[in-house]
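Take a look at the structure set out below.
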Amino acid sequence: SESNDWAEMHEKRALYREAGAEEVWIVTEEGEVRFFKEEEMEESELASDFPDHL
Numbered sequence: 004s005e006s007n008d009w010a011e012m013h014e015k016r017a018l019y020r021e022a023g024a025e026e027v028w029i030v031t032e033e034g035e036v037r038f039f040k041e042e043e044m045e046e047s048e049l050a051s052d053f054p055d056h057l
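Below, the structure written as structure tokens:
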């Protein structure tokens, strides 16, 4: 959501992981896709062909 700052996104990321999400993808306003498990990853392990920019 445009109204979420990075701290809120970090909290949501943790909630999604606690709920069982294997990975969390965050798309910035600029279209950058960021992939996370416990820490940020260079690319998705589940969909390695997914672009890092939309």
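Heads up, the sequence shown is in this note's numbering, so the first residue is 4 and it goes up one at a time.
Cβ atoms here follow ideal geometry from the backbone N, Cα and C, with glycine treated the same way.
Thinking just about the alpha-carbon of each residue, which of the options is nearest to the one in residue i?
i                : options             : result
phenylalanine 39 : Asp8, Asp55, Asn7   : Asp55
arginine 16      : Glu35, Glu32, Glu43 : Glu43
alanine 24       : Glu35, Glu48, Glu11 : Glu48
When DSSP builds the beta bridges, which residues end up paired with residue i?
i                : result
phenylalanine 53 : None, per the DSSP bridge assignment.
arginine 37      : Ile29
glutamate 43     : Phe39
Just reading off the alpha helix (DSSP H) that residue i is part of, what are its end residues?
i          : result
alanine 10 : 9-21
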